[in-house]
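Beneath this line is the structure, given in C-alpha cells, with notes to follow.
There are 4 protein chains.
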Amino acid sequence: MTVRIGVIGTGAIGQEHIQRLSKKLVGSQVVAINDINETAAKTAVNRIGIDAQFYANAHDLIKASDVDAIVVTSWGPTHEEFVLASIAAGKPVFCEKPLAVTAAGCKKIVDAEIKHGKRLVQVGFMRPFDSTYRQLKSALDNDEIGQPLLLNCKHFNPEVGDSYTTDMAIVDTLIHELDVLRWLLDDDYTSARVIYPRKTSKASSHLMDPQIVILETKKGIVINTEIFVNCQYGYDIQCEVVGETGIASLPEPTQVPFRKGGNLQRAILVDWKKRFIDAYDVELQAFINNIVTGNFTEGASAWDGYAAAVAADACVKAQQTGNVEAIVMPATPSFYKK
Amino acid sequence: MTVRIGVIGTGAIGQEHIQRLSKKLVGSQVVAINDINETAAKTAVNRIGIDAQFYANAHDLIKASDVDAIVVTSWGPTHEEFVLASIAAGKPVFCEKPLAVTAAGCKKIVDAEIKHGKRLVQVGFMRPFDSTYRQLKSALDNDEIGQPLLLNCKHFNPEVGDSYTTDMAIVDTLIHELDVLRWLLDDDYTSARVIYPRKTSKASSHLMDPQIVILETKKGIVINTEIFVNCQYGYDIQCEVVGETGIASLPEPTQVPFRKGGNLQRAILVDWKKRFIDAYDVELQAFINNIVTGNFTEGASAWDGYAAAVAADACVKAQQTGNVEAIVMPATPSFYKK
Amino acid sequence: MTVRIGVIGTGAIGQEHIQRLSKKLVGSQVVAINDINETAAKTAVNRIGIDAQFYANAHDLIKASDVDAIVVTSWGPTHEEFVLASIAAGKPVFCEKPLAVTAAGCKKIVDAEIKHGKRLVQVGFMRPFDSTYRQLKSALDNDEIGQPLLLNCKHFNPEVGDSYTTDMAIVDTLIHELDVLRWLLDDDYTSARVIYPRKTSKASSHLMDPQIVILETKKGIVINTEIFVNCQYGYDIQCEVVGETGIASLPEPTQVPFRKGGNLQRAILVDWKKRFIDAYDVELQAFINNIVTGNFTEGASAWDGYAAAVAADACVKAQQTGNVEAIVMPATPSFYKK
Amino acid sequence: MTVRIGVIGTGAIGQEHIQRLSKKLVGSQVVAINDINETAAKTAVNRIGIDAQFYANAHDLIKASDVDAIVVTSWGPTHEEFVLASIAAGKPVFCEKPLAVTAAGCKKIVDAEIKHGKRLVQVGFMRPFDSTYRQLKSALDNDEIGQPLLLNCKHFNPEVGDSYTTDMAIVDTLIHELDVLRWLLDDDYTSARVIYPRKTSKASSHLMDPQIVILETKKGIVINTEIFVNCQYGYDIQCEVVGETGIASLPEPTQVPFRKGGNLQRAILVDWKKRFIDAYDVELQAFINNIVTGNFTEGASAWDGYAAAVAADACVKAQQTGNVEAIVMPATPSFYKK
C-alpha cells in the first residue's frame, strides 16, 4: 500500500518533506501540492523529480479523491484551518508546529478530532523521534537512575537575527523542550517562572538573552532550562536528568575526537538543521506507518500540541510578570492515552 | 523503478537482508529465494510477510526472467560459483563476504567482470557505510590531521566459542579491517607481520589470543591492529589515525552518559550485531541505487574483495612463519578506479 | 624562620592540621595544644610524634610567648571567642569554618581586626586553594569565555545520617559554594531563593532533599546550585560557568579511564575527604606564608567569612519563606581589598 | 633532622632542584654547590636566596664534612665519576638520568654500591612519582583488568630542533618509558624491534620521525610505543594497558573542559616541563625521606638505571639493524629487591 499525500505549503520545510516522502521513506508518494506561489511550488517538485498535481486552493487538495493524507507545512497562522478541514474530510494530517497559534485553536482541533472519533492528527514535534532522546528515555524507563527529580536543559543557538524577540525564546525555541520533556517524563507541567540572568553583550538591545525558565511538573520534578540564542559557540541541545540514584544525560551528537593544535577536541554542531535531520525521517515514516496500521500510536497528538501551547502561554506570561505562573492542563482524555 | 531481487541462502543474514530489501529500503522487492532447506526458507519469507518464488536450484533463480539482481548469502564456499553465474547472466550481484574462499577464486571473478565490461559485483563489506567510519574518513580527506602516518586499531570481541581457531582471527575477524582500512586510507598493503603477546587465560588452549597484526602500506603507513576475541568487556572496534599534525579517532557509538554507582560511565556494546546494523541498511540501499543508476560507484568491488583476500593470505602466512610477509597486489585496474 | 603554632581543638580536623603543620609543610612547628580532653590531645600529639605543650586553657595558649600564631579547630560556637582573643593578642589566627556561628559574630571579628589595623585572620575555606577551581578561575580571568552570565553547580553527597536537617544543606553544605563562588566570580550576592524539587525516597522524612538554591549577584549573574545529600552515587562537586562566548567547567578529579564489564568508565569519588585533601595543604601553607611575609594576601579573610555568613542567613530564610530573599552586603572595605 | 645537601651542576635542572630542596621540601638544606661556571653558580644561589658554599672541585664537595648527601645534575658524561665518588665517601647520592652514559658504567656503579653493602644511589627517573602513573599502577595492582597482556604508549613532543638525532629518540626520549614501564609492570624486557612508519614532512631530513618501538617482556607482554617528536599538536604522554578483562589508561592531565568556537575541548600540554613538574617534588622528597629513614625503598635504584641503559642499547641496535634484538638482563640481585 502506498499512501498518496498532498502537501500544503512548499517552502523550505515543505520541500524537504516532499523529498523525504518521495525518495527516502517507504510507502508514500506525494501526489498533490498547494502553495500561495504556484511557480515556486511547481519548480520545487520538478527539481525533486516527481509528478504532483498543483492545487490553487488548499481545500480542494484536502478533498481530492486521490489524496489519502495531508501534510501541512504552510505559514503557521493557516495551520488550524487546514487541520480542521482535514479532520472534516476524515483524512490523516501531519501538521508542522505550531498546531495552531493559540491554545484555544489547538483545543478546537482536539475537540474536532475527538468528535470525529478516531485519531487523525500528528503534530510535527520531531525530538521524540531523535535517537539520542530515545536512548535517554530508555534509560529512564529502564530505571537506570530511579525516579527523576530534577532536570537541567540547554537550548543554545550560536546567534539570531534582529527580528528575534524575547517571547520567541518561548514560542519558537523552548516549545521543543515543552514538547519533548512531557514525553520524556510522561508528566504534565504545573507552573513556570522565568529568571533573566546578566544579559550577553552579543544580543540585540531589545532581546533578553539568556533566559532561564523553571518548570514544575505534576510529579514535582523541577526543570531548569536555559535558553541562550546568541551563545556564539554552537547549536547545543543538552538535557540532564537527576534521579534518585544517578544522573543520565542526553548523548552528544557523534563527532570525530581530535588531538590537534594543543587541544583534545570534537566539534559541536553550529547548524541546527543537522542536529535533528534524521529525526524528521523517522517522524514522517511514523506518520505513514500510523496511516497504514490505522492506529496513531506514535508521534505528537493534537493533545500534545495543545499541551505545548498551554505551557508556552504560561511561560510567556511568566516572562512578563516575573511571577510563578500556573499551568493548568486537564487530565489527558482517554482518547489520547497511549 | 523497483529492483526485483533473488536471494540465495536464507539463513540468519539472508533473512535480515530480505527484511531490509522488502520493508525498509526504497526501490527493491524480493521476488525469489533459494536455499538448501526449502521448508525453512518458505517459513522465513512467510514470517517476513512477502510473496517470493522458491527455487530449488540457485542457477534457475539467477536466470529467472523476473529477477533483476542477485543477493548471495549462502555458505561461503558457494559464493564464487553463484557470483560467476550472476556475471554470466549479466545481472548485478551483491555477495556477502567472502567473495570467494581463495584469492584465486576472487581473481577469477574480477577477470569475469572485466571481461563482461561493466561492473556488476558488490561485496558485503559494510564498514565503509558506517557513519562513524565515514566521519573519520571525512576528517582525513579534509586534511584535518595532515597525511596519515600510523594507525592503531582494535577488533575486540567479548568471547568466542571453542570452534574459533587462530587463523579465523584473520579470515573472519581482521578481514573487516583489511577492507575498511584500504578504503579509509586509499592505499594498498605491502607487508604483514604478526606478534603474539602474552596469551589471555580466557582463551581456548588451541587459540592464540590476543594477536597483533602489523601492516605496512604503499604510502609507508604502519598499521598496528590488535585482535582480541576474548576480551570479556565488550565488542569494541577502535581506529586511531596519527597524522602529521594531529590524531583523529573513530567516534564511539552513541550511548547515554551516566553518573551512577561511583562511576561516570557509558555502555560499550557487547552484541556485535548492533554495532554496524545501520550500515547494512546503507550498504544494501547503495546496491539498489547502484543498479538504478547503472553505475557501481559505491561499495566494495570485486577488486576490493580480491585485495582483502590477498592481504588475508599474507597475514595467515605471517601467523605461521613469524616473519614479515610481503603482500603483492597489482595496481588497481582502471576498470575499478573510483 | 619557623612559625611556632598553637592549636586549639585536637579533634579529627585538628589532628590533621597538626600533622600537616609538623610533617608536611615548610616553615611551621606546632608547639602548643589545647583541648577539652587533655588525654586525647596528648595521645594525638604523641602519635604524630611531636613535642607540644598542653594548655588546659585556650587563652593561656593564645598568650603564650613562644606561640607565634593560632589555629582554631575547636567546636564551632567557640570560634568567635578564640579568634577575638587572638586578635587582641596581635597574633595571626587560622580559624576553621565557621568564623562565627552568626553573621553578627563575624562582623564583630571584622571590626576588631580593622581596629587592630592589620590583617591577622584567615578563615578555613579551602576550595579556592583547590587546583581544579584555580584552573577554572584562570580560564575566566583569561577571558576564555567572555563575561560569566550564569552558573550551574552541584554539591552532591552519597548519603547523610538522620541528624542532618534541611537547614544544614545551607550552613554545612552550601556554605562552601557561598565562599568559593564569590572568589571565583569576584562578585557579591544580592538575593537567594530556594526551590524544592520532588523529594528523593532515600532521604529521612524530615529532610528536604534535593534542594535548588538560586543566587543572583551584583553583576547580575544567576547561580543555580543543586544540593543533594543522598544522591547515592558519589561525592560530586560540579561547577559550570556559562559565559558570553562559551562554557567552562570545573575539571573532574583525575581518575583512571577503564573499559571493563560493558562500560567505558572512571570512578567518581565517594569519600568527600579525598576531594579537597590537597587543598588543605596549600591553604595552611598559605597561612604560614602570609605570616612569614607579614602580608595576608591569600585565603579567605574575616570579611569573606562574614559575607558567607550573611548569604547563608538569607538562604536559610529563603528555605523557610519560599520567597526571593535579599542579601545585603556593604561594599568590601578597602582594608580587605585584594 | 635536616639533610645537608651538596649540588654538583647548577644549570637549569640543578637550579630547579636547589629551589625545591631549599624552599619547598621538608627536611633538606642546600649547603654546597659546584659548577664549571663559578659566577653563574653563585648568581643562581643568590637569586634563590640561600647561603651555600661554592666548591671549585666536585670531589671536595663530595668529601666535605658538612655535606650529608649529593645531588648530581652536571653534564651527563660526568655522572658516573661523581656517583662513584659519592659511594666511595659513603654518602647518599641522587643522580639525574643517565646514571652513566654506558651500560658498563652503570654496572660499575651497581657493583660499587653492592660492595659498599647499603643502598646509596637514587636515579632521577621521575615518572614513577607522577600521580597519574601511580593511579594506573594501583589499578593494575588491584587487579582491575586482570593480567596485563599488551600496552600502547605514546611519547609525543610538538617539535625538536635540528640537533635531535634518530638515536636520541631512544636515549633521550624513550628512556623514560623504558624506566617507568618496568616499574609499572614489575617486569623486565627481553627484546626490542623498531619500525619506521611513513616519515612526517615536519622532521629534519636526518631524523626518522615517528618511530615505533616494540618491546617484549619476560612475562610475554608486548609493548607498542610510538615516539613522535614533531607531532605539532602537543606534549602528549599516553599509556594504555590491555589486560585479560579490560583496559586501563593513564589519566590525562587535569584541564578545564570548554565549549567554545564550535568545539568541545580541553587543552593538551605543549610545554613538557609542566607535565611532570609535581613528580620532581615527590621524587626529591622521597630521596630525603630515604636518607632520613636510612632505607632506600623509593625511587629508581642504580640497578634500575642499569636496566634502562641495557634496554636502550638494544633499542638503538634495533634502530640500526631492523631486527628483533635481544635484551639480556640478569635477574635482579636480592640487594635491589623491593
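Residue numbers (my numbering), protein chains in the order written: chain A, 537 to 874; chain B, 537 to 874; chain C, 537 to 874; chain D, 537 to 874.
A virtual CB, placed ideally from N, CA and C, is assigned to each residue, including glycine.
Given the structure is predicted, the values throughout are model-derived calculations rather than measurements.
At a Cβ cut of 8 Å, what residues of the region 769 to 790 of chain D count as close to chain B, listed as they run along the chain?
Tyr769, Val778, Glu780, Thr781, Gly782, Ile783
Using CA atoms only, rank isn't needed, just tell me which of Ala844/C, Gly858/C, Ala836/C, Phe665/C is closest to Tyr872/C.
The sequence position of residue 872/C within the third sequence is 336, counting from 1. If we check each option's Cα against that of Tyr872/C, Ala836/C comes out closest.
What residues in its chain sit with their C-beta under 7 Å from that of Val696/A, if we drop five residues either side in the sequence?
Position 160 of the first sequence holds residue 696/A. The answer, listed in chain order, is Val765, Asn766.
Quick test of the definition: if touching needs 3 or more C-beta pairs under 8 Å, does the region 643 to 654 of chain C touch the region 665 to 681 of chain C?
no
Unbroken alpha helix (DSSP H) run spanning Leu620/C, endpoints:
Stepping through the third sequence from its first residue, residue 620/C is reached at position 84. Leu620/C -> alpha helix (DSSP H) spans 615 to 624.
How should Pro877/D be labelled, buried or exposed, when 16 other C-beta atoms within 10 angstroms of its C-beta is the threshold for buried?
Nothing about residue 877/D can be read from this structure; chain D reaches only from 537 to 874.
In the region 537 to 605 of chain B, which residue ranges form an unbroken alpha helix (DSSP H) of at least 4 residues, counting only runs that do not cross its ends?
Runs of the alpha helix (DSSP H) lying entirely within the region 537 to 605 of chain B, each at least 4 residues long, are 548 to 555, 574 to 584, 594 to 599 in chain order.
Does DSSP classify Asp698/D as helix, strand or coil?
Numbered from its first residue, the fourth sequence carries residue 698/D at position 162. In the structure shown, Asp698/D sits in coil (DSSP, three-state: anything other than H, G, I, E or B).
Please confirm if Asn799/D has its CB atom under 8 Å from at least one CB of chain A.
Along the fourth sequence, read from residue 1 onward, the residue named residue 799/D stands at position 263. By this cut-off, Asn799/D is an interface position.
Would you check whether the ligand ATP has a heavy atom nearer than 7 Å to the C-beta of Ala862/D?
Among the components of this structure there are no ligands whatsoever, and the ligand ATP is therefore not found.
Pick out the complete beta strand (DSSP E) segments inside the region 764 to 835 of chain C, 3 residues or longer, and give them in chain order.
Runs of the beta strand (DSSP E) inside the region 764 to 835 of chain C: 772 to 779, 782 to 785, 794 to 796, 799 to 803.
Determine, using beta-carbon pairs with one atom in the region 765 to 784 of chain C and one in the region 771 to 784 of chain D, whether at least three such pairs fall under 8 Å.
Result no; under three Cβ-Cβ pairs closer than 8 Å.
Taking the alpha helix (DSSP H) that Leu686/A falls in, what are its first and last residues?
Residue mapping note: residue 686/A aligns to position 150 of the first sequence, counting from 1. Counting along the chain, Leu686/A falls outside any alpha helix (DSSP H), though it belongs to the beta strand (DSSP E) covering 684 to 692.
Whose Cβ in chain D lies nearer than 7 Å to the Cβ of Thr668/C?
Residue numbering aside, residue 668/C sits at position 132 when the third sequence is read from its first letter. Correct list: Thr790.
Beta-bridge partners of Val659/B, as assigned by DSSP:
Taking the first residue of the second sequence as position 1, residue 659/B is located at position 123. DSSP output for Val659/B lists Cys631/B, Ala836/B as bridge partner(s).
Contact check, Ala568/D vs Thr546/D, beta carbons under 8 Å
Here the question's residue 568/D lines up with position 32 in the fourth sequence. Here the question's residue 546/D lines up with position 10 in the fourth sequence. No; because the gap between Cβ atoms is not below 8 Å, this pair is not in contact.
Could you tell me if His615/A is buried or exposed, where buried requires 16 or more neighbouring beta carbons within 10 angstroms of its beta carbon?
Residue 615/A sits at position 79 when you count from the first residue of the first sequence. It counts as buried.
Any beta carbon of chain D sitting closer than 8 Å to that of Ile804/A?
Residue 804/A sits at position 268 when you count from the first residue of the first sequence. Closer than 8 Å to some Cβ of chain D, the Cβ of Ile804/A qualifies, so yes.
Cβ separation of Ser608/A and Glu574/A, assumed to be a contact under 8 Å, to the nearest whole Å
One-based indexing of the first sequence puts residue 608/A at position 72. One-based indexing of the first sequence puts residue 574/A at position 38. It should be noted that the sequence gives Val, not Ser, for residue 608/A. At roughly 18 Å, the Cβ-Cβ gap does not stay under 8 Å, so Val608/A and Glu574/A are not in contact.
Same chain only: Cβ atoms within 6 Å of Ala675/C, ignoring 5 sequence neighbours per side
Start at 1 with the first residue of the third sequence, and residue 675/C comes out as number 139. For Ala675/C, where only same-chain residues beyond five positions count, the Cβ hits under 6 Å are Ala784.
May I have the straight-line CA-CA distance separating Ile746/B from Pro793/A, to the nearest angstrom?
In the second sequence, residue 746/B corresponds to position 210, counting from 1. In the first sequence, residue 793/A corresponds to position 257, counting from 1. What sits at residue 746/B in the sequence shown is Pro, not Ile. Rounded to whole angstroms, Pro746/B to Pro793/A spans 26 Å at the Cα level.
Contact list for the region 547 to 569 of chain A against chain D, Cβ threshold 7 Å:
none
C-beta neighbour in chain A for Lys809/D, strict 8 Å:
Here residue 809/D refers to the residue found at position 273 when the fourth sequence is read from its first residue. Not one chain A Cβ lies under 8 Å of Lys809/D.
Counting contacts by CB-CB distance shorter than 8 Å, is Phe764/D in contact with chain B?
Here residue 764/D is taken as the residue at index 228 of the fourth sequence, counted from 1. Closer than 8 Å: yes.
How about Asp796/A: is its C-beta nearer than 8 Å to some C-beta of chain D?
Translated into the one-based positions of the first sequence, residue 796/A becomes position 260. Here residue 796/A turns out to be Lys, not Asp, going by the sequence shown. Yes, because at least one Cβ of chain D sits closer than 8 Å to the Cβ of Lys796/A.
Per DSSP, cross-strand counterpart(s) of Ala728/C:
Position 192 of the third sequence, counted from the start, is the residue given in the question as residue 728/C. DSSP output for Ala728/C lists Leu751/C, Glu861/C as bridge partner(s).
What does DSSP give as the partner residues of Thr736/D in its beta bridges?
Along the fourth sequence, one-based indexing puts residue 736/D at 200. According to DSSP, which records beta bridges pairwise, Thr736/D is partnered with nothing at all.
Could you list the residues in the region 672 to 697 of chain B with a C-beta less than 7 Å from some C-beta on chain A, going in chain order?
Leu672, Ala675, Glu680, Ile681
Quick one: list the residues of chain A neighbouring Val758/C, beta-carbon separation under 7 Å, in chain order.
As a working mapping, residue 758/C is identified with position 222 in the third sequence. Those are Ile731, Pro733, Ile748, listed as they occur along chain A.
So what's Val637/B in DSSP terms, helix, strand or just coil?
Start at 1 with the first residue of the second sequence, and residue 637/B comes out as number 101. DSSP places Val637/B in coil when its eight states are reduced to three.
Using DSSP bridges, identify the partner residues of Ile759/C.
Sequence index remark: in the third sequence, residue 759/C carries index 223 (1-based). DSSP output for Ile759/C lists Leu687/C, Leu751/C as bridge partner(s).
Would a check of beta-carbon distances place Pro793/A closer than 8 Å to chain B?
As a first step, residue 793/A is located in the first sequence; it is residue number 257 there, counting from the start. Under the 8 Å criterion on CB atoms, Pro793/A is classed as interfacial with respect to chain B.
With 16 as the cutoff for other CB atoms within 10 Å, does Lys809/A come out buried or exposed?
Locating residue 809/A in the first sequence gives position 273, where the first residue counts as 1. Exposed, since its Cβ has fewer than 16 Cβ neighbours within 10 Å.
Counting only Cβ pairs nearer than 9 Å, list the residues of chain D close to Thr736/B.
As a working note, residue 736/B is residue 200 in the second sequence. Simply Gly682, Gln683, Leu685, Gly779, Glu780, Thr781.
Rounded to whole angstroms, how far is the Cβ of Gln893/B from the Cβ of Ala803/B, which I believe are closer than 8 Å?
Chain B is shown only over 537 to 874; residue 893/B falls outside these bounds and no answer can be derived.
Under the assumption that Leu743/D contacts Thr709/D (Cβ atoms under 8 Å), give the Cβ distance between them as a whole number of angstroms.
Taking the fourth sequence and counting its residues from 1, one reaches residue 743/D at position 207. Taking the fourth sequence and counting its residues from 1, one reaches residue 709/D at position 173. At roughly 12 Å, the Cβ-Cβ gap does not stay under 8 Å, so Leu743/D and Thr709/D are not in contact.
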